[in-house]
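These notes are about the structure you will find just below.
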Amino acid sequence: MRNVALYLAIAVVAAGCASKETRTDAPVTDRSTGVAPSTGTTAPSTGSAARPVQPANVSGNPLRDPGNILSKRSVFFDYDSNAVKDDYKGLVQAHSRYMGDKRDSKIRIEGNADERGSREYNLALGQRRAESVKKMMTVLGVTDGRIETTSYGEEKPMAQGHDESAWSQNRRADIKYAGE
Amino acid sequence: MTRFLLVLGALLLALPSRAQLTFDITTSGGRQIPVAVMPYAGESTQPQSVSEIVSADLARTGLFRLVNTVGVSPLPTEPSEVNFTDWTARTAEALVIGKIESLSEGRVEVRFRLFDVAKQAQLASYSYVVAPAQLRATGHRIADLIYEKLTGDKGVFSTKITYVVKRGARYELQVADADGFNAQTVLASNEPIMSPSWSPDGSRLAYVSFDQKKPIVVVQNLAQGTTRIVANYRGNNSAPAWSPDGQQLLVALTKDGLTQIYRIPAGGGEAQRLTESSGIDTQPAYSPDGQWIAFTSDRGGSPQVYRMPAAGGPAERLTFEGTYNVGPRYSPDGKSIAYVSREGGRFRIALMDLATKQWQALTEGGLDDSPTFAPNGKMILYEASVGGRGNLAAVSWDGRVRQRLTSTAGDVQDPSWGPMPTN
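First to last, the sequence lines map onto chains A and B.
Okay, so the first sequence: first residue is -3 according to our numbering, each after it adds one.
Okay, so the second sequence: first residue is 55 according to our numbering, each after it adds one.
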């Protein structure tokens, strides 16, 4: 039944992200070593001698565990700024540590800007935000080659409104792991 | 200051082919030339009303006042049939009359004459033999001739514009006549399309595509529909701008870390780096004589307009007022630069005279972006966002004439005005 609760939790979090509500930015307990899978997983058994297969689902993958800071992928920025605020340093550190543990992991950081101003300059601003997050991660030990950066400028807003509440959600860099 | 509002929507809907973009015109101050455009004899049986196309073209510039032509019967088609005294009484200064005749093999002959009413003299007389499908284009050519005779400037009624239409998650790059008719989709995608730019000869469009989940620069040959990726370096590839000879493209690349400006052959090839700053350098634009490159840079701490010699050399800052001046575009005569300027949180289109460095805001602004000059330098088309809805708008170089272009197709953004036709 724990799995049902976890799936419900995912659904609630996903619904929250899709709406225009304020983002949750309170730091979560850092459990970057991952959540130990329970023995009651839904993994299909492939025979008594084989190890149970772990699908990339909630119960095994810290990147998808809503209780884990690693499931948070967005760093939000102030207007005209690409500085990683204190609120998000824990998140960046957590991903850097995870990538330190998982040596084959690779990420793409996608930078964004709010709709105000010129599209092309916003594309460059988004890139600078992605680069800020990347720089912080390389300083924390992640190799440069494992982090790709790109920008969507103002073209892919998370929030469709035209006020600061929407704009603040669109000034962000998103971390995406390869294979997701 | 007098305001004169003319809504052309009803006029345009009366014509067989519906425009996707409809125009609202407002003018303030400045003289308007009163011109009478008579219906052309014989045109009511043709698929297009050429006189209505001519009237709409002239009215859209805000420089002409269409004089009432109701009640003139029979329609004059020869100079001897024109009653100049009557036209003077109707306050017309210029008069256009015409005649359309069907010829053998489905062709049509269009004849028109332009008169100076006060001098009672003919200013122009032309005839064209065309297929019926070319009647719209012929109307535009006639309007170009009339415009040039009466103002001294070349008309742009036969030019094309391109823009991006966004409908939900669907993007379409469209090319249309300057009056919004005959819109053709040249690219459709579920990923964003940005920054379309016309090659100087009008045969190709360069643009930014996100089809590969990152911005890359593509050149598309419009007649053939073929595309070529000209810049797909690591990171972002964007802001394409053509050299005046159509051989090179300036682009903004992040392959070396920061957004910087490079030059590449228009057919693809090695990128030569042109800027070396520690900030963002983007939105390059060649001057029409090919000697200068204007661009956006925040190397000084805030985004401003700079220019540098195209052959290499130090950059010179051009904008010093305000904290946000970006996206420079040269006027066709090379004497001015239009750009986006932020003041009090509002983004508007500004125009700077390069000789004096004096500048003025041309629009009240909001979220204005992407200014693009008509090839005669008289109008600047741009993207205006009103209430979250993307529209196009245009303003005359002196700020007196304003157009709002609305579309039912979706959000319209990122316009670029095509060159004068070569024929």
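Every residue, glycine too, gets a C-beta built ideally from N, C-alpha and C.
Since we're looking at a predicted model, the values are computed, not measured.
In three-state terms, what does DSSP make of residue i?
{"i": "Tyr94/B", "result": "coil"}
{"i": "Trp141/B", "result": "helix"}
{"i": "Thr476/B", "result": "coil"}
{"i": "Thr192/B", "result": "helix"}
{"i": "Ser134/B", "result": "helix"}
{"i": "Gly399/B", "result": "coil"}
{"i": "Arg85/B", "result": "coil"}
{"i": "Asn430/B", "result": "coil"}
{"i": "Asp111/B", "result": "helix"}
{"i": "Gly149/A", "result": "strand"}
{"i": "Leu121/A", "result": "helix"}
{"i": "Asn291/B", "result": "strand"}
{"i": "Tyr201/B", "result": "helix"}
{"i": "Lys130/A", "result": "helix"}
{"i": "Pro478/B", "result": "What the structure shows of chain B is the stretch from 55 to 477, and residue 478/B is not part of that stretch, so it cannot be assessed."}
{"i": "Gly86/A", "result": "helix"}
{"i": "Trp163/A", "result": "helix"}
{"i": "Val271/B", "result": "strand"}
{"i": "Arg454/B", "result": "coil"}
{"i": "Thr99/B", "result": "helix"}
{"i": "Gly30/A", "result": "Note that Gly30/A scores 37 on pLDDT, short of 50, meaning its location in the model is unreliable; the coordinates nonetheless yield the value given after this. Looking at Gly30/A - three-state DSSP - the assignment turns out to be coil, as it is neither helix nor strand."}
{"i": "Gly482/B", "result": "No statement about residue 482/B is possible, as the shown extent of chain B runs from 55 to 477 and does not include it."}
Report, in whole angstroms, the separation of the C-beta atoms of residue i and residue j, which I expect to be a contact under 8 Å.
{"i": "Ala126/A", "j": "Thr146/A", "result": "7 Å"}
{"i": "Ala306/B", "j": "Ala120/A", "result": "7 Å"}
{"i": "Val262/B", "j": "Ile247/B", "result": "7 Å"}
{"i": "Ala438/B", "j": "Asp452/B", "result": "The Cβ separation is near 19 Å, so there is no contact."}
{"i": "Met92/B", "j": "Val124/B", "result": "Not really, about 10 Å apart at Cβ, beyond 8 Å."}
{"i": "Tyr340/B", "j": "Gln326/B", "result": "That belief does not hold up - the Cβ atoms of Tyr340/B and Gln326/B are roughly 14 Å apart, past 8 Å."}
{"i": "Val89/B", "j": "Val136/B", "result": "The Cβ separation is near 14 Å, so there is no contact."}
{"i": "Thr350/B", "j": "Val380/B", "result": "4 Å"}
{"i": "Leu168/B", "j": "Gln102/B", "result": "Not really, about 20 Å apart at Cβ, beyond 8 Å."}
{"i": "Val284/B", "j": "Gly322/B", "result": "4 Å"}
What is the rounded straight-line gap between the Cα of residue i and the Cα of residue j?
{"i": "Pro473/B", "j": "Gln74/B", "result": "21 Å"}
{"i": "Pro319/B", "j": "Val71/A", "result": "38 Å"}
{"i": "Gly116/B", "j": "Tyr217/B", "result": "23 Å"}
{"i": "Ile65/A", "j": "Ala90/A", "result": "7 Å"}
{"i": "Ser77/A", "j": "Thr239/B", "result": "37 Å"}
{"i": "Asp21/A", "j": "Lys85/A", "result": "Residue confidence for Asp21/A is low, a pLDDT of 38 falling below 50, so the modelled location carries little weight; the figure read from the coordinates is stated next. Roughly 11 Å separates the two Cα atoms."}
{"i": "Asp468/B", "j": "Asp231/B", "result": "16 Å"}
{"i": "Met362/B", "j": "Asp335/B", "result": "12 Å"}
{"i": "Ile403/B", "j": "Ile171/A", "result": "35 Å"}
{"i": "Leu204/B", "j": "Ala175/B", "result": "13 Å"}
{"i": "Gly419/B", "j": "Leu241/B", "result": "30 Å"}
{"i": "Asn286/B", "j": "Gly175/A", "result": "22 Å"}
{"i": "Thr373/B", "j": "Gln337/B", "result": "15 Å"}
{"i": "Thr79/A", "j": "Met406/B", "result": "Contrary to the premise, residue 79/A reads as Ala rather than Thr in this sequence. Each residue's alpha carbon lies about 33 Å from the other."}
{"i": "Leu59/A", "j": "Tyr94/A", "result": "9 Å"}
{"i": "Val135/A", "j": "Tyr117/A", "result": "27 Å"}
{"i": "Arg454/B", "j": "Gly444/B", "result": "23 Å"}
{"i": "Glu160/A", "j": "Gly442/B", "result": "13 Å"}
{"i": "Asn290/B", "j": "Arg383/B", "result": "22 Å"}
{"i": "Pro386/B", "j": "Gln301/B", "result": "18 Å"}
{"i": "Tyr53/B", "j": "Trp296/B", "result": "Limits of chain B in this structure are 55 at one end and 477 at the other, which puts residue 53/B out of reach."}
Please work out which residues of its chain come closer than 6 Å, Cβ to Cβ, to residue i, disregarding the five sequence neighbours upstream and downstream, and give them in chain order.
{"i": "Ile434/B", "result": "Ala392, Pro425, Phe427, Val449"}
{"i": "Phe73/A", "result": "Arg125, Arg167"}
{"i": "Ser470/B", "result": "Thr216, Pro250, Ser251, Trp252, Thr426"}
{"i": "Asp170/B", "result": "Leu177"}
{"i": "Ala237/B", "result": "Gln74, Gln228, Ala230"}
{"i": "Asn244/B", "result": "Ala223"}
{"i": "Asp352/B", "result": "Gly333, Ile334"}
{"i": "Lys220/B", "result": "Gly464, Asp465"}
{"i": "Pro153/A", "result": "Asn166"}
{"i": "Asn430/B", "result": "Asp207, Lys208, Val210"}
Could you name the residues of the same chain whose beta carbon sits closer than 7 Å to that of residue i, not counting the 5 residues immediately before and after it, in chain order?
{"i": "Arg288/B", "result": "Lys309"}
{"i": "Leu10/B", "result": "Chain B is shown only over 55 to 477; residue 10/B falls outside these bounds and no answer can be derived."}
{"i": "Glu397/B", "result": "Gly376"}
Can you find the residues in the same chain that come closer than 8 Å, C-beta to C-beta, to residue i, ignoring five residues on each side of it along the sequence?
{"i": "Thr462/B", "result": "Gln74"}
{"i": "Arg114/B", "result": "Leu62, Phe77, Ile79, Asp233, Gln457"}
Of all the CB atoms in chain E, is at least one closer than 8 Å to the CB of residue i?
{"i": "Gly354/B", "result": "The structure shown contains no chain E; its protein chains are A and B."}
Q: With 9 Å as the C-beta to C-beta threshold (strictly closer), list the residues of the segment 288 to 308 of chain B near chain A in chain order.
A: Arg288, Gly289, Asn290, Ser292, Ala293, Ala306, Thr308
Q: Check each residue of the segment 122 to 138 of chain A: if its Cβ is closer than 8 Å to any Cβ of chain B, include it; give the result in chain order.
A: Gln123, Arg124, Glu127
**Q.** Residues in the segment 81 to 114 of chain A having any Cβ partner in chain B nearer than 8 Å
**A.** Glu111, Arg112, Gly113, Ser114
Q) If you measure beta-carbon to beta-carbon, which residues of the segment 401 to 425 of chain B are closer than 9 Å to chain A? A) Result list: Phe401, Leu421, Asp423, Ser424.
**Q.** Residues of the segment 134 to 166 of chain A with Cβ closer than 9 Å to any Cβ of chain B, in chain order
**A.** Residues passing the 9 Å Cβ filter: Glu144, Thr145, Thr146, Ser147, Tyr148, Gly149, Glu151, Lys152, Gln156, Gly157, His158.
Q. What residues in the segment 373 to 393 of chain B bring their beta carbon closer than 8 Å to a beta carbon of chain A?
A. Tyr378, Val380, Gly381
Q.
Please list, in chain order, the residues of the segment 223 to 257 of chain B that have any C-beta partner in chain A closer than 8 Å.
A. Pro246, Met248, Ser249
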